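Counting in my numbering, the sequence shown runs from -6 upward without gaps.
What follows is a single structure, written as structure tokens, with notes after it.
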Amino acid sequence: MPSASFRITTQSVEETQSLGRRMGSGIHTGCLLALSGDLGSGKTTFVQGLANGLDVPGHYIVTSPTFTLINEYPGRLPLFHVDLYRISDVEEMENIGFFDLLSGKGVVAVEWADRVIHELPDDRIDIRFEVIDDVRRGVDIRVGGQAPGDLVKRLKQ
-6 MPSASFRITT
4 QSVEETQSLG
14 RRMGSGIHTG
24 CLLALSGDLG
34 SGKTTFVQGL
44 ANGLDVPGHY
54 IVTSPTFTLI
64 NEYPGRLPLF
74 HVDLYRISDV
84 EEMENIGFFD
94 LLSGKGVVAV
104 EWADRVIHEL
114 PDDRIDIRFE
124 VIDDVRRGVD
134 IRVGGQAPGD
144 LVKRLKQ
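The following block contains the structure:
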């Protein structure tokens, strides 16, 4: 399985959103983004930019689905924003319809994916957020499986 990895440091909330927007604008087929990192590390901020890049209409407010577990947004490709913080096992993932999302044509962005990483397909993009200081974030991106290489090239620029 081909894979590539690299690290980006964002200098502000706007840069973290811009990274998400660039990724969203480069996605042309459904895919899985496995997001991990501490509270406040930039996962939801990234998904806000991702939604923008996927042409989710601006009147949709992208927030973490902490209690709803899955938020769906219409766009060029549908965006499913999933929060697994409160999920404790595979049965709960099945009960909320998580695995059904993976067989669709949408983009699935999963916060707290590290809690269930062994249950996720290998064909995904892993994004780990690290707090460097009050505004800067280290973002480690690993692309595995059949994810398009041109997306990776655009992000490195």
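Glycine residues also receive a C-beta, built at the ideal position from the N, C-alpha and C atoms.
Owing to the predicted nature of the structure, the values given are computational and were not obtained by experimental measurement.
Check                                                                                                                                  : Outcome
Here's the rule I'm using: 16 or more other beta-carbon atoms within 10 Å means buried, otherwise exposed. How should G51 be labelled? : exposed
For a quick check, are the C-beta atoms of L77 and V103 less than 8 Å apart?                                                           : yes
Inspect the beta-carbon positions of G19 and V49 and report whether they are closer than 8 Å.                                          : no
Can you name the start and end residues of the alpha helix (DSSP H) that L112 belongs to?                                              : Here residue 112 turns out to be Glu, not Leu, going by the sequence shown. Premise fails: E112 is in no alpha helix (DSSP H) and is neither H nor E.
Would you call N88 buried or exposed, if buried means 16 or more other Cβ atoms sit within 10 Å of its Cβ?                             : exposed
Could you check where the alpha helix (DSSP H) with L26 kicks off and where it finishes?                                               : That residue, L26, is in no alpha helix (DSSP H); its beta strand (DSSP E) goes 24 to 30.
For the alpha helix (DSSP H) holding D116, just list the boundary residues, first then last.                                           : Run containing D116: none; DSSP gives neither H nor E here.
Is the beta carbon of S57 closer than 8 Å to that of R121?                                                                             : no
Does the distance from the CB of R0 to the CB of N45 come in under 8 Å?                                                                : no
Apart from the five residues on each side of it in sequence, which residues of its chain come closer than 7 Å, Cβ to Cβ, to L70?       : I20, G23, L47, K98, G99, V100
Quick one: what's got a C-beta closer than 7 Å to D107's C-beta in the same chain, skipping five residues either side?                 : S29
What's the call for V128, buried or exposed, on a 16-neighbour Cβ count within 10 Å?                                                   : exposed
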